[in-house]
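Enquirer: After the structure tokens below, expect a handful of questions from me.
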């Protein structure tokens, strides 16, 4: 099946199946993650306790793990959530927010290495930092600056490919042009609105939406569908907003109105494979 | 006083008295809970620490306890918050989100049994699960699927009545048609917008709003007023929204504009007692 | 440089430099804090773990500490975050939400005394309570009622001045008329919209925005700029909103459109020094 056909099907299947995604995510953007997951047809449940890893994963179609804000319990809970996903053969999406910042965060990232994620989504600096923490490359540590990237997406290509080789899954590097790749193929997605950077949680919620699609399709299609949806919805939202507050509202509106046909028509202009 | 007169008075009294509600609630929807409580005239304060149970409850007119996301401290804090409400003779509203999911959650639910809540608000599956965990019925465990119900409201009637008998209070079962009952009467509320299911926190924030009304009226009137307000505001909001983002904004707007007269005019068409 | 020139420069510098603010803040309003910080040009990163105090502060231009919701880890983390700011000579803004409520909160407030904040922002009751907890005055304890003030801004003037003498920094008391003072000067800012009280987080997010400006200018200018911006944006937002939901959206929009010229034109009518 062509990528376009798979993407169209993923958009429709998410609306039809309402896949439940169990998320372990940060306190800053947890509400936006849930609302964007619902907007594309998914259902959202968030947990923090280790004893919920198995029960939540058992009823979920996919798992989303985001390390944006950590508390002591995360050291035990997040590795168990990832192990539960692998053990129960459910896809899981890893969002290594601020990778490299703090001992707890880095200890958790290292602990997650063996539970190979289906999709890793991050900005360039986060992707570089994870690849380094997982000792897939020695050189570049990446330059994490809080939750923002100071490296370019192209700088992160080598790291992203090393990560994809290790996991056998997909890596999505978010930036002005998104890169989505696996061990065999690399896709670039241009377009989108710069206003996405004026609201908190654009990246986190993209990870959460990719997890929704991972509940109904393969990881590569899920990452492409989510990334394209964000480029499309942000362009649409910018045209109907008067500032960053109304942009976020319009962005969620557009996601809730997303159709496969509109997304494919858009994708033809911005998606490049090589 | 007739129910309609009591509801009209509750809407006005909340705006006049600005009752403070102390809430112990989840991280996903905590902001929406606070904003909806403010929208109907209440004031909001949220806590998580056991040492805050007595001081917060002492200055509050009502307490709201929602177990949607749990952390280790909740095992100690939530039972103490409920005990403080009972000890200080303040009404408290229990929102058993995802009842049945995880050992921590079920341990907390069991610990809350003796501190009989004034109102229990949940979806059908949650109501059934609490009734089972409290050993008020042996048979049906309910089918919790994350935070969503897979049982119908009518399926939960027996459980709801068992809970009302135990607590001597009110049980509000949210669904396409809401049921609000106590040991003596049963009310059904139809209407409302299906878009409430497209945003996260519709149920949680209804629980928080019922707690605001419980700060100015009896539990039955509080549950009826909150449930009617959500049906009315969601219908109004749907008519002026273009997606799930603008729906949430319009929904809060409508709650902030709620009047007793408009609510009663609406209630005459959707509220049935039997 | 005149205050007006410094304010104009602060608004422009925040948009040009995008200062990163490391925040330790509450779960209720954390998303609004981040979005308002972004709206005025800053960048936001939130943490909760003690091991992140040094790394986060090292890459931040300013630190924001808000004690609105506490968990056990905060007892260790918040004092360390404040010490890191002092040690690394970065400005930090203290938001003593609900000061006086609970042993944990009061223990943290006492522990923060020695790490003198650049700016303390709170409502009248919180300012009075901190001054008491820091034993800068014996008499008045303040009347904290949840997160709301029951004392007037003028009642808090003595406490605010005692705090400014102790810290050598700035104290901003939020109310119908804001007071911003240091050991030498007192400013009053009138105007603003009463609708700010109908959304949760107006005060918290003001503290977060003052921290953004503290990353590009002196504490007094930062507090004046943030406080004026909130008065201006709330008036503008009220005129284009239909309820408290659309008010919050419009408020963030206005902050994202804030210009120094507009703010100064507004300030000439509402800012009084004496």
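Chains as they are written, first to last, in the working numbering: chain V, 1 to 274; chain W, 275 to 548; chain S, 549 to 822.
Using N, Cα and C, we set each Cβ at its ideal position, and we do this for glycine too.
1. Looking at residue 245 of chain V: is its Cβ nearer than 7 Å to the Cβ of residue 797 of chain S?
2. Please identify, using Cβ separations under 7 Å, the residues of the region 301-322 of chain W that lie next to chain S, in order along the chain.
3. Grab the span of the beta strand (DSSP E) containing residue 533 of chain W for me, first residue to last.
4. Quick one: grab the DSSP three-state call for residue 283 of chain W.
5. Give the residues of chain V in contact with residue 552 of chain S, contact being defined as C-beta atoms less than 7 Å apart.
6. Roughly how many angstroms separate the alpha carbons of residue 657 of chain S and residue 147 of chain V, rounded to a whole number?
7. So for residue 297 of chain V, helix, strand or coil by DSSP?
8. Measure how close the beta-carbons of residue 682 of chain S and residue 665 of chain S come, nearest whole angstrom, since I'm counting them as under 8 Å.
9. Counting only Cβ-Cβ distances shorter than 7 Å, please list the residues of the region 594-628 of chain S near chain W, keeping chain order.
10. Beta carbons nearer than 9 Å to chain V: which residues of the region 512-523 of chain W have them?
11. Taking the beta strand (DSSP E) that residue 537 of chain S belongs to, which residues open and close that run?
12. Considering only their Cβ atoms, is the gap separating residue 472 of chain W from residue 38 of chain V smaller than 7 Å?
13. Less than 7 Å between the beta carbons of residue 433 of chain W and residue 401 of chain W, yes or no?
14. Just checking: is the beta-carbon of residue 252 of chain V within a distance shorter than 7 Å of some beta-carbon in chain W?
15. Taking residue 340 of chain W as part of the beta strand (DSSP E), name the residues at either end of that continuous run.
16. Since residue 451 of chain W meets chain V, which of its residues come closer than 7 Å, beta carbon to beta carbon?
17. State yes or no: is the C-beta of residue 35 of chain V within less than 7 Å of the C-beta of residue 474 of chain W?
18. Out of W:368, W:326, W:370, state which residue places its alpha-carbon closest to the alpha-carbon of residue 654 of chain S.
19. Closer than 7 Å, CB to CB, is residue 805 of chain S near chain V or not?
20. Please state whether DSSP places residue 272 of chain V in a helix, a strand or coil.
21. Measuring CB atoms only, is the region 188-197 of chain V touching the region 262-273 of chain V, in the sense that at least three cross pairs come out at less than 8 Å?
22. Can you give me, in chain order, the residues of the region 97-123 of chain V that have a beta carbon less than 7 Å from any beta carbon in chain S?
23. With 7 Å as the threshold, decide whether the Cβ of residue 765 of chain S is near any Cβ in chain W.
24. Write down the C-beta distance between residue 255 of chain V and residue 233 of chain V rounded to the nearest angstrom, noting that I regard them as a contact closer than 8 Å.
25. Does the region 559-569 of chain S come close enough to the region 756-767 of chain S that 3 or more CB-CB pairs lie under 8 Å?
26. Assuming contact is defined by CB atoms lying nearer than 7 Å, are residue 649 of chain S and residue 329 of chain W in contact in what I supplied?
27. If we require 3 or more residues per run, which beta strand (DSSP E) segments fall completely within the region 159-244 of chain V?
28. For residue 457 of chain W, which of W:435, W:481, W:504 has the nearest alpha-carbon?
29. Quick one: measure Cβ to Cβ for residue 62 of chain V and residue 21 of chain V, integer angstroms, because I've assumed they're closer than 8 Å.
30. Residues in its own chain within less than 8 Å of residue 229 of chain V by CB, not counting five upstream and five downstream?
31. Looking only at its chain, what residues have a beta carbon closer than 6 Å to the beta carbon of residue 397 of chain W, apart from the 5 residues adjacent to it on each side?
32. To the nearest angstrom, how far is the alpha carbon of residue 125 of chain V from that of residue 647 of chain S?
33. Throw me the rounded Cβ distance for the residue 613 of chain S and residue 626 of chain S pair, which I believe falls under 8 Å.
34. Residue 318 of chain W: buried (16+ other C-beta within 10 angstroms of its C-beta) or exposed?
35. What does residue 757 of chain S touch in chain W if you count any residue whose Cβ is under 8 Å from its own?
36. Give the residues from the region 726-747 of chain S that approach chain W closer than 7 Å (Cβ to any Cβ), ordered along the chain.
Expert: Quick look at the numbers:
1. yes
2. 301, 304, 305, 308, 309, 312, 313, 317, 318, 319, 320, 321, 322
3. Run containing residue 533 of chain W: none; DSSP gives neither H nor E here.
4. helix
5. Here the premise fails: no neighbours, minimum Cβ distance about 24 Å.
6. 28 Å
7. The question about residue 297 of chain V has no answer here: the residues shown for chain V are numbered 1 through 274.
8. No, residue 682 of chain S and residue 665 of chain S are not in contact; Cβ-Cβ is about 11 Å, not under 8 Å.
9. 617, 618, 619, 620
10. 515, 516, 517, 518, 519, 520, 521, 522, 523
11. Residue 537 of chain S cannot be examined here, being either before or after the span of chain S that is shown, 549 to 822.
12. yes
13. yes
14. yes
15. 336-340
16. Chain V residues near residue 451 of chain W: none, gap ~21 Å exceeds 7 Å.
17. yes
18. W:326
19. yes
20. strand
21. yes
22. 98, 101, 102, 103, 104
23. no
24. 5 Å
25. yes
26. yes
27. 170-174, 178-181, 186-189
28. W:435
29. 5 Å
30. 11, 40, 209, 255, 258, 263
31. 423, 448
32. 39 Å
33. 6 Å
34. buried
35. Ordered by position in chain W, no residue passes the 8 Å Cβ test against residue 757 of chain S, which lies about 17 Å from the chain.
36. 746, 747
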